[in-house]
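Colleague:
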Amino acid sequence: MHILITGGAGFIGSHVVRHFLNRYADYTITNLDKLTYAGNLANLSDVEHLPNYRFVKGDITDADFLMRLFAEHHFDGVIHLAAESHVDRSITNPTAFVVTNVLGTVNLLNAARAIWGANLEGKRFYHISTDEVYGSLGSDGMFTEETSYDPHSPYSASKASSDHFVRAWHDTFGLPVVISNCSNNYGSFQFPEKLIPLFINNIIQKKPLPVYGKGENIRDWLWVVDHAHAIDVIYHQGKNGETYNIGGHNEWSNIALIRLLCRIMDTKLGRAVGESEKLVSYVTDRAGHDLRYAIDSSKLQRELGWIPSITFAKGLELTVEWYLGNSEWLSNVTSGSYQHYYEEMYCGR
Ligand code: NAD
Ligand code: TYD
1 MHILITGGAG FIGSHVVRHF LNRYADYTIT NLDKLTYAGN LANLSDVEHL
51 PNYRFVKGDI TDADFLMRLF AEHHFDGVIH LAAESHVDRS ITNPTAFVVT
101 NVLGTVNLLN AARAIWGANL EGKRFYHIST DEVYGSLGSD GMFTEETSYD
151 PHSPYSASKA SSDHFVRAWH DTFGLPVVIS NCSNNYGSFQ FPEKLIPLFI
201 NNIIQKKPLP VYGKGENIRD WLWVVDHAHA IDVIYHQGKN GETYNIGGHN
251 EWSNIALIRL LCRIMDTKLG RAVGESEKLV SYVTDRAGHD LRYAIDSSKL
301 QRELGWIPSI TFAKGLELTV EWYLGNSEWL SNVTSGSYQH YYEEMYCGR
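Here the sequence shown is numbered in our numbering, starting from 1 and rising by one per residue.
1. Is Pro192 near the ligand TYD, going by C-beta to nearest heavy atom under 6 Å?
2. Distance check for Thr334 and Arg349, CA to CA, integer angstroms please.
3. Which full runs of the beta strand (DSSP E) of 3+ residues lie inside the stretch 240–274, going along the chain?
4. Looking at C-alpha atoms only, which residue of Ala38, Ile60, Tyr24 is the closest neighbour of Leu50?
5. Return helix, strand or coil for Asp88, following the three-state DSSP convention.
6. Is Arg219 a contact residue of the ligand TYD, with contact defined as CB to any heavy atom under 6 Å?
7. Please determine, among Val47, Trp322, Ala63, Glu242, the residue with the shortest C-alpha to C-alpha distance to His171.
8. What span of residues does the alpha helix (DSSP H) with Tyr155 cover, start to end?
9. According to DSSP, which residues form a beta bridge with Ser404?
10. Should Asn250 be listed as close to the ligand NAD, given that the test is whether its C-beta is under 6 Å from any heavy atom?
11. Counting only runs of 4+ residues fully inside the stretch 14–84, write out the alpha helix (DSSP H) ranges in chain order.
12. Does the ligand NAD have a heavy atom nearer than 6 Å to the CB of Thr36?
13. Since Lys268 and Glu321 are thought to touch, with beta carbons under 8 Å apart, how far apart are those beta carbons, to the nearest angstrom?
14. What three-state label does DSSP hand Asp232 in the structure shown?
15. Please name the residue in Ala272, Phe191, Thr130, Lys278 whose C-alpha comes closest to that of Ser297.
16. Run through DSSP, which three-state label would Pro94 get?
17. For the alpha helix (DSSP H) that contains Trp116, what are its first and last residues?
18. Could you tell me if Val225 is buried or exposed, where buried requires 16 or more neighbouring beta carbons within 10 angstroms of its beta carbon?
19. Would you say Leu195 touches the ligand TYD, meaning its beta carbon is less than 6 Å from a heavy atom?
20. Keeping to the same chain, check which residues put their C-beta closer than 6 Å to that of Glu193; ignore five residues upstream and five downstream.
21. For the ligand NAD, is there a heavy atom less than 6 Å away from the beta-carbon of Asp64?
22. Please determine whether the Cβ atom of Tyr212 lies at a distance below 6 Å from any heavy atom of the ligand TYD.
23. By how many angstroms is the C-alpha of Leu66 removed from the C-alpha of Glu72?
24. Across which residues does DSSP place Tyr186 in a beta bridge pair?
25. Quick one: does the C-beta of Asn107 sit closer than 6 Å to a heavy atom of the ligand NAD?
26. What residues in its chain sit with their C-beta under 6 Å from that of Ala96, if we drop five residues either side in the sequence?
27. Between the stretch 310–320 and the stretch 216–231, do three or more beta carbon pairs fall short of 8 Å?
28. DSSP on Arg302, reduced to helix/strand/coil?
29. Measuring CB to CB, does Cys262 end up less than 7 Å from Glu251?
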């Protein structure tokens, strides 16, 4: 089995690469990543020596390159995570999201279809998506796989579009695809622009914690390791053409989560309880800020038997401990010096 994982140097992708390498020593895993600001090979330093791991630096928006890559490697499957992933950046530069998330996905679909041809036995194209495609909930209800798409941000619109293209390649060309839509992830190796790692970093440095609006928006948080496990289950057991929602039934308003995070950080840093919360600073709300996400993942639990492995309190504590124990990773990422890692490690080899 040879699987192409795109975006494997990013946050979730690095956990997926690690999970598959550790669990399936007989699989070859090729990680294709452009190494944008969000891609960091240091995220894989514990597994990059494994004999069944390969890294290819490349861009999914380059259709010719993808055709050559697929022709050369005979992949059995694709797990596609490469994307521009940050909502705030999508508000500043929407076009980058259309190019990478929509066109990049279509390029991958084209390459898989062209090279696999009619020989589809055992093949699988797995597209990793987000619950944000479903839009925003009021105070009740949950997103199911039947919820209509209603994206609001350029990020979620680009992911919704890519989901539609993946389904179209299944319905029109018979490509064996599967899609999952997951809620907000947290855990180690997340770039400190997203809420939890940004706030951990700011608390360490006693910098203000910029809470958008009133902090009332609600997100449904899942530990990234549990997402990687769900991806394994869906890759191997999911039905062709189906969609699976992934989530941990774990809704938190931003301000409640931030207060919990501040308490954990105070304890771990030996600060007086309440000290970090004083850093909270309410700032102008995000444009088009979705009020509430909540995922109903009962189909995945019922049909494929997946359940999250740990509580949020435990997962958040482990995450805080990881960031505190990996201050070098954090300072490399925030200073941008990790971006020289590729040149140092790979150029001239
Ligand atoms: P990330 O931003 O941490 O990583 C994205 C990776 O994709 C990076 O390594 C980057 O270098 C790579 N990449 C970007 N553009 C590329 C291109 N043109 N060619 C090749 N590689 C490219 O993102 P993440 O948070 O790990 O998210 C991964 C996937 O999971 C995305 O598709 C995202 O939409 C989806 N998702 C994320 C969350 C979340 O909470 N983070 C939740 C649900 C779904
Ligand atoms: P984020 O981690 O960007 O994920 P997403 O927007 O994809 O859900 O943000 C999570 C929530 O936290 C979201 O409601 C926006 C809010 N937020 C802040 O209040 N301040 C911040 O600095 C950031 C990055 C996010």
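The beta carbon of each residue, even a glycine, is placed where N, CA and C say it ideally should be.
Modeller: Once the coordinates are examined:
1. The count along the sequence shown starts at 1 and reaches residue 192 at position 192. For Pro192, the Cβ stays outside the 6 Å cut-off from all heavy atoms of the ligand TYD.
2. The residue you call residue 349 lines up with position 349 of the sequence shown. The residue you call residue 334 lines up with position 334 of the sequence shown. Unreliable positioning characterises Arg349 in this predicted model, as indicated by a pLDDT of 49, which lies under 50. The coordinate reading is nonetheless provided below. A straight line joining the alpha-carbon of Arg349 with that of Thr334 spans about 27 Å.
3. The stretch 240–274 contains, as complete beta strand (DSSP E) runs of 3+ residues, the segments 243–246, 251–253 (chain order).
4. The residue given as residue 50 occupies position 50 in the sequence shown. Ranking Ala38, Ile60, Tyr24 by Cα distance to Leu50 puts Tyr24 first.
5. The residue you call residue 88 lines up with position 88 of the sequence shown. In the three-state reduction of the DSSP assignment, Asp88 falls in the helix class, which pools H, G and I.
6. Taking the first residue of the sequence shown as position 1, residue 219 is located at position 219. Because some heavy atom of the ligand TYD lies under 6 Å away, the Cβ of Arg219 counts as near it: yes.
7. Within the sequence shown, numbered from 1, the residue matching residue 171 stands at position 171. Residue identity differs from the one stated: residue 171 is Asp in this sequence, not His. Closest by alpha carbon: Glu242.
8. Residue mapping note: residue 155 aligns to position 155 of the sequence shown, counting from 1. Segment 154–173, the alpha helix (DSSP H) holding Tyr155.
9. The chain is shown from 1 up to 349; residue 404 falls before or after that span and cannot be answered.
10. On the sequence shown, position 250 is the one that residue 250 refers to. Outside the cutoff, so no.
11. List check, alpha helix (DSSP H) in window: 63–73.
12. On the sequence shown, position 36 is the one that residue 36 refers to. Correct: Thr36 has its Cβ closer than 6 Å to the ligand NAD.
13. To locate residue 268, count along the sequence shown from 1; it is residue 268. To locate residue 321, count along the sequence shown from 1; it is residue 321. Between Glu321 and Lys268 the Cβ distance is about 7 Å, and since that is below 8 Å, they are a contact.
14. Indexing the sequence shown from 1 puts residue 232 at position 232. Residue state for Asp232 is assigned as helix, using DSSP reduced to three classes.
15. Within the sequence shown, residue 297 is the residue found at index 297, counting from 1. In this structure, Thr130 is the residue among Ala272, Phe191, Thr130, Lys278 with its C-alpha nearest to the C-alpha of Ser297.
16. Numbered from its first residue, the sequence shown carries residue 94 at position 94. Three-state result, Pro94: helix.
17. Locating residue 116 in the sequence shown gives position 116, where the first residue counts as 1. Element bounds for Trp116: 104–116.
18. Against the sequence shown, residue 225 aligns to sequence position 225. Val225 is classed as buried because its beta carbon has at least 16 other beta carbons within 10 Å across all chains shown.
19. Against the sequence shown, residue 195 aligns to sequence position 195. True, at least one ligand heavy atom lies under 6 Å from that Cβ.
20. As a working mapping, residue 193 is identified with position 193 in the sequence shown. Excluding residues within five positions, the ones whose Cβ falls inside 6 Å are His86.
21. The sequence position of residue 64 within the sequence shown is 64, counting from 1. Asp64 Cβ: outside cutoff for every heavy atom of the ligand NAD.
22. Along the sequence shown, one-based indexing puts residue 212 at 212. Yes; taking the cut-off as 6 Å, the Cβ of Tyr212 has a heavy atom of the ligand TYD nearer than that.
23. The count along the sequence shown starts at 1 and reaches residue 72 at position 72. The count along the sequence shown starts at 1 and reaches residue 66 at position 66. Rounded to the nearest angstrom, the two C-alpha atoms are 10 Å apart.
24. Numbered from its first residue, the sequence shown carries residue 186 at position 186. According to DSSP, which records beta bridges pairwise, Tyr186 is partnered with Trp223.
25. Along the sequence shown, read from residue 1 onward, the residue named residue 107 stands at position 107. No - the ligand NAD has no heavy atom lying nearer than 6 Å to the Cβ of Asn107.
26. Locating residue 96 in the sequence shown gives position 96, counting from the first residue. Only Glu84 meet the Cβ criterion.
27. Short answer: they touch.
28. Here the question's residue 302 lines up with position 302 in the sequence shown. If DSSP states are grouped into helix, strand and coil, Arg302 belongs with the helices.
29. Sequence index remark: in the sequence shown, residue 262 carries index 262 (1-based). Sequence index remark: in the sequence shown, residue 251 carries index 251 (1-based). Going by C-beta atoms, Cys262 is not nearer than 7 Å to Glu251.
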